[in-house]
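K.L.:
Right, I'll just put the structure down here and ask away after.
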Amino acid sequence: MILDAEFGYELLVCRFAELAWRPDGDPRPAIVSRQLGTRERRWDTVVIEVDPAAFAARRRFGERALDSDLLHVVRGAPAEWAWYRDALPDPGYPWRYVRQAVHRAADRDLIETRRRGNRIELRRHRPYPDWVDRIVAIENKPDLDRSAADALADQLAHDVEAGLADEVWLATETTGERVEPALLRSMPVEAGILTTRFGPAGRTGVDGDSEGTTEDPVVDRDAATVDWLPSELAPTGSAGRDAETVTRRLEIAERAYGKGWRSYHETMRPDCRHFALRRAGRGLVPYCGAKDRCPTDRECAGSCPSFSPEPPAWRTKGWPIEGGPGKGMQRLLDRRRERAWDRIAPSAGDGRTE
Ligand code: SF4
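Letter by letter, the sequence shown follows residues 323 to 676 in the numbering used here.
Okay, here's the thing in structure tokens:
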């Protein structure tokens with residue numbers, strides 16, 4: 323199967339990170355997401371290293387992400403009943419927006435509220451945990467050439483300067499040779515280099531014999547090696563990060579938590595008769611039977627000229643409760659995400675709020 327150069331590669335890097343973080347042999351529990359960042363800069367792959375006990379506590383707040391307004395409420399909610407304006411830090415914008423967020427938080431059972439006269443009081447069910455250890459940004463560039471290297475050098479230099487991430491990496495696919503040293507030298511020295519071997523060209527034994535028998539990509543724990551270790555970008559000294567940066571990092575981590583990296587099924591068309599999931603070693607990637615390749619998330623949409631809804635007959639088993647193959651694939655991807663989380667910290671069970 324031919325992988326789309328950028329999109330399919332990105333999925334394989336995400337799966338590799340989920341299987342084998344960190345690739346330098348210092349395993350750390352982590353969740354993985356993709357296409358996240360700030361207004362100025364979007365990262366291809368985002369790895370959130372977590373504290374397992376605190377991650378278990380985060381799971382008790384449910385599977386959906388908390389946006390910035392909800393975070394403001396949940397982080398500030400007191401243990402004892404208090405008027406929300408006394409309890410929460412000044413938001414820097416009108417309090418009526420905070421009141422709306424308080425109601426949203428109560429609707430999701432993240433906090434408790436009650437009315438005292440005209441006043442809305444709140445208290446927490448449980449403290450919001452400090453679950454994010456480190457944030458790692460990975461830029462994916464399967465075909466690293468001179469112009470891509472120049473553009474990447476600028477982007478990575480920006481990442482290094484912004485200091486939002488604790489580490490930045492470049493992931494690039496080997497062509498059988500080592501990555502061109504001159505290209506790597508043009509990267510900021512703080513960025514790590516991860517060389518992947520997902521394609522058949524990279525799967526060669528020590529004697530040079532190809533181990534790949536097909537054109538299919540493969541991802542497993544050994545599918546990448548570290549060519550250069552990144553520098554730690556977290557500020558040193560007692561001051562640490564300012565409060566605004568801490569909050570922005572938490573917002574990114576929350577979006578990563580809510581989105582994961584398999585959420586492509588929400589924007590692609592698994593309900594198309596041509597859509598399938600194909601095994602790529604220890605990963606699954608989308609496959610389009612009409613195009614005979616991995617479609618991009620942009621082209622796999624209702625506007626695709628080859629889109630064809632799965633026939634109703636495919637849905638007859640349990641339809642409309644169970645749905646057809648498309649719904650089945652969505653459930654499968656959701657279960658995989660849950661399993662990855664369970665490996666870090668078991669499901670919160672009855673203590674879950676959603
Ligand atoms: S035909 Fe178009 S909509 Fe259907 S799976 Fe392929 S790319 Fe997606």
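In this text, a Cβ means the ideal position worked out from N, Cα and C, and glycines have one as well. What you are looking at is a predicted structure, and each value in this text was computed from that prediction instead of being measured.
(1) In chain order, what residues place their C-beta within less than 5 Å of a heavy atom belonging to ligand 1?
(2) With a threshold of 6 Å on Cβ separation, who are the neighbours of Leu333 within its own chain once the five nearest residues in sequence on each side are excluded?
(3) Hey, Ala409 and Pro400 are a contact pair by Cβ (cut 8 Å); roughly how many whole angstroms apart?
(4) Strictly by DSSP, which residues pair up with Val454?
(5) Have a look at Leu516 and Cys594 and give me their C-alpha separation to the nearest angstrom.
(6) Quick check: what's the CA-CA separation for Asp465 versus Thr496?
(7) Report the option in Phe520, Thr618, Thr558 whose CA atom is closest to the CA atom of Arg604.
(8) Hey, which unbroken runs of the alpha helix (DSSP H) at 4 residues or more fall wholly within the stretch 410-439?
(9) State the CB to CB distance for the pair Ala352 and Glu371, rounded to an integer number of angstroms; the pair is presumed to be in contact (CB under 8 Å).
(10) How would you call Glu566, buried or exposed, if buried means at least 16 neighbouring beta carbons within 10 angstroms?
(11) Contact between the stretch 613-626 and the stretch 648-656 is defined here as three or more beta-carbon pairs at a separation below 8 Å; is this criterion met?
(12) Specify the secondary structure class of Leu599 as computed by DSSP and reduced to three states.
(13) Quick one: grab the DSSP three-state call for Gly685.
(14) Per DSSP, what kind of secondary structure is Asp664 in: helix, strand or coil?
(15) For Cys431 and Thr547, I'd like the C-alpha separation in whole angstroms.
(16) In whole angstroms, what is the alpha-carbon distance linking Ser532 and Thr618?
(17) Quick check on Gly559: buried or exposed, where buried means 16 or more other Cβ atoms within 10 Å of its Cβ?
(18) Which of the three DSSP states, helix, strand or coil, is assigned to Cys336?
(19) Pick out whichever of Gly330, Arg337, Glu576 has its Cα sitting closest to the Cα of Arg659.
(20) Taking 7 Å as the cut-off, does the CB of Glu576 come closer than this to any heavy atom belonging to ligand 3?
(21) Near Asp488, which residues of its chain fall below 6 Å by C-beta distance, leaving aside the five closest residues on each side in sequence?
(22) Would you decide whether Ala427 is buried or exposed? Buried here means 16 or more other CB atoms lie within 10 Å of its CB.
(23) Just reading off the alpha helix (DSSP H) that Ser390 is part of, what are its end residues?
(24) Where do the ends of the beta strand (DSSP E) carrying Ala484 lie?
(25) By a C-beta neighbour count over all protein chains shown, 10 Å radius and 16 as the cutoff for buried, is Ser276 buried or exposed?
(26) Tell me, please, whether the stretch 356-364 touches the stretch 573-583 by the rule of three or more beta-carbon pairs shorter than 8 Å.
(27) Excluding the five sequence neighbours on either side, which residues of its own chain have a C-beta within less than 6 Å of the C-beta of Gly330, listed in chain order?
(28) Quick check on Glu566: does DSSP put it in helix, strand or coil?
(29) Name, in chain order, the residues that DSSP records as bridge partners for Gly605.
(30) Figure out for me which residue from Arg543, Val482, Val454 has the closest Cα to the Cα of Val369.
(31) Indicate whether the contact test is met: 3 or more Cβ pairs, each with one atom in the stretch 389-406 and one in the stretch 432-451, closer than 8 Å.
(32) Give me the Cα-Cα distance between Gly527 and Arg468, rounded to the nearest whole angstrom.
(33) Between Arg382, Trp365, Arg446, which has its C-alpha nearest Trp663's C-alpha?
(34) Here's the rule: buried if 16 or more other CB atoms are within 10 angstroms of the residue's CB, otherwise exposed. What is Gly414?
P.N.:
Well, looking at it:
(1) Here the residues come out as Arg591, Cys594, His596, Phe597, Cys610, Ala612, Pro617, Cys622, Cys626, Ser628, Phe629.
(2) Taken in chain order, the residues that qualify are Val607.
(3) That belief holds up - the Cβ atoms of Ala409 and Pro400 are roughly 5 Å apart, short of 8 Å.
(4) Val372
(5) 35 Å
(6) 8 Å
(7) Phe520
(8) 417-429
(9) Here Ala352 really is in contact with Glu371; their C-beta atoms are around 5 Å apart, less than 8 Å.
(10) exposed
(11) no
(12) strand
(13) This structure gives no information on residue 685, because the portion of the chain shown stretches from 323 to 676.
(14) helix
(15) This sequence places Asp at residue 431; Cys is not what is there. When rounded, the distance between both Cα atoms is 44 Å.
(16) Only weak support is given to the placement of Ser532: the predicted model assigns it a pLDDT of 39, under 50, and the value that follows is read from those uncertain coordinates. About 28 Å.
(17) exposed
(18) helix
(19) Looking at the Cα atoms, Arg337 is the closest of the given residues.
(20) Questions concerning ligand 3 fall outside what the structure shown contains, since the ligands it does hold are ligand 1.
(21) Arg456, Ile457, Leu555, Ala556
(22) buried
(23) 390-398
(24) Ala484 -> not in any beta strand (DSSP E); alpha helix (DSSP H) instead, spanning 468-484.
(25) Given a span of 323 to 676 for the chain in the structure shown, any question on residue 276 remains unanswerable.
(26) yes
(27) Within the same chain, Gly330 has close Cβ partners Val607, Cys616.
(28) helix
(29) Ala602
(30) The option with the nearest alpha carbon to Val369 is Val454.
(31) yes
(32) With a pLDDT of only 38 at Gly527, under 50, the local geometry of the prediction cannot be trusted, and no value is derived from it.
(33) Arg382
(34) So Gly414 ends up on the exposed side.
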